[in-house]
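One structure is given below, encoded as structure tokens.
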Amino acid sequence: MTAAQQGGSAAPIPRESTSDILRRIEAARAALGPGAALAFDADGTLWEGDVGFDLFEAFLAGRRARPEAEAALRREAEAFGVAAEGGAHEIASALYAAFAAERYPEDRAFAMMAWAFAGWREDELAALIDRVLEEKGHAGRIRPALLPILDWARSRGAPVYVVSASPRAVIERAVRRLGVAPERIAAMTPVVREGRLAAELAAPPTYGDGKTRALERLFPELAVLAAFGDSAYDAALLRTARVPVAVAPSPKLLAVAGSIPGLVLLDT
């Protein structure tokens with residue numbers, strides 16, 4: 012076991028192998044019981060890269076924003092002082108650029124990337140998602156170090172939940188090969204009216220503390236054996252677990268690592 016250094020003078024985070032972490036999970040299960048669950052962030056955690064960004068960038072590249080999204084996009088731009096002229100495509104592009112420049116908050120940006128598909132049918136969105144996942148080689152980006160942990164959960168009937176700030180539609184399709192049931196996914200979910208997406212969320216944003224609240228709505232017991240994340244906005248989710256695990260952590264997660272008791276780093 013080695014260690015990863017946090018910023019400043021904080022103690023390093025212990026680095027552990029998949030086998031080490033599985034031993035910790037087994038011990039936690041003995042304490043919490045067979046109904047306890049595993050919880051995962053998706054992008055940057057279960058796989059390298061971000062399928063939400065991949066999808067939205069394809070959406071912008073194809074100029075696919077529709078008039079149904081324009082009013083909500085314009086309100087969003089005005090609320091955050093983002094200069095945007097033109098129609099839905101131009102405003103969505105300006106908001107994404109503002110997000111990249113850290114002038115548009117992450118929680119609002121991630122929500123916008125889900126509801127900006129307003130006017131789309133669900134089958135149209137599914138077709139675009141499948142194309143994007145194929146083009147990006149998604150199957151090859153899944154982290155091998157996590158597969159034995161998912162296999163362990165399946166073999167013991169331990170529930171696996173995925174809690175993501177990306178659009179629900181892309182997460183459902185991205186985790187399909189990992190065997191995660193749709194009813195165990197929490198993600199940014201737009202309202203659907205008369206078969207088409209609307210420019211609003213159907214549930215609170217799955218970001219920061221909202222990830223924990225979303226998990227609790229799905230799993231009221233909140234008996235979490237282990238949680239896995241890579242970002243600072245996964246910190247609240249990680250704190251719910253007996254075994255909190257950082258996976259390829261961002262500098263911002265490393266900066267708050269001291270606030271997550273027992274945090275370990277998966278050796279990927």
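Heads up, the sequence shown is in the working numbering, so the first residue is 12 and it goes up one at a time. We put the CB at the ideal spot given by N, CA and C, even for glycine.
| Ile-140 versus Phe-67 - alpha carbon distance | The residue labelled residue 140 in the question sits at position 129 within the sequence shown. The residue labelled residue 67 in the question sits at position 56 within the sequence shown. Taking C-alpha positions only, Ile-140 is separated from Phe-67 by approximately 10 Å.
| query | Can you give the Cα-Cα distance for Thr-223 and Ala-247, rounded to whole angstroms? | reply | Against the sequence shown, residue 223 aligns to sequence position 212. Against the sequence shown, residue 247 aligns to sequence position 236. Rounded to whole angstroms, Thr-223 to Ala-247 spans 6 Å at the Cα level.
| Taking the alpha carbon of Ala-125 as the point to measure from, which residue in Gly-221, Ala-234, Ser-177 has its own alpha carbon closest? | Numbered from 1 along the sequence shown, position 114 holds the residue referred to as residue 125. Of the candidates Gly-221, Ala-234, Ser-177, the one whose C-alpha sits nearest the C-alpha of Ala-125 is Ser-177.
| query | Sorted by chain position, which residues of the same chain lie with C-beta nearer than 6 Å to Ala-192's C-beta, five sequence neighbours on each side aside? | reply | Here residue 192 is taken as the residue at index 181 of the sequence shown, counted from 1. If the five residues before and after Ala-192 are omitted, its C-beta is found closer than 6 Å to no C-beta atom of its own chain.
| query | Tell me the DSSP bridge mates of Asp-54? | reply | By one-based count along the sequence shown, residue 54 stands at place 43. DSSP lists Trp-58 as partners of Asp-54.
| Taking the DSSP output, what are the residues bridged to Val-171? | Residue mapping note: residue 171 aligns to position 160 of the sequence shown, counting from 1. The partner list for Val-171 (beta bridge, DSSP) reads Leu-49.
| request: Would you kindly report the start and end of the unbroken beta strand (DSSP E) that includes Glu-27? | output: Walking along the sequence shown from the start, residue 27 turns up at place 16. Secondary structure note for Glu-27: its beta strand (DSSP E) is the uninterrupted segment 24 to 27.
| task | Mind checking who Arg-204 pairs with in its DSSP beta bridge? | result | Looking up residue 204 in the sequence shown gives position 193. Answer is Arg-207, bridged to Arg-204.
| query | DSSP three-state call for Gly-19: helix, strand or coil? | reply | Position 8 of the sequence shown holds residue 19. Here Gly-19 scores only 46 on pLDDT, less than 50, and its place in the model is too uncertain to base an answer on.
| query | Whose C-alpha, out of Thr-56, Gly-151, Ser-104, is nearest the C-alpha of Gly-73? | reply | As a position in the sequence shown, residue 73 is number 62, starting the count at 1. Ranked by Cα distance from Gly-73, the first of Thr-56, Gly-151, Ser-104 is Ser-104.
| Closest by C-alpha distance to Ala-129, when choosing among Asp-278, Ala-50, Ala-266, Arg-204 | Along the sequence shown, one-based indexing puts residue 129 at 118. Closest in alpha carbon position to Ala-129, among Asp-278, Ala-50, Ala-266, Arg-204, is Arg-204.
| request: Less than 8 Å between the CB atoms is what I'm expecting for Ala-50 and Ala-268, so what's the real figure, rounded? | output: Taking the sequence shown and counting its residues from 1, one reaches residue 50 at position 39. Taking the sequence shown and counting its residues from 1, one reaches residue 268 at position 257. About 18 Å separates the CB atoms of Ala-50 and Ala-268; that is not less than 8 Å, and the two are not in contact.
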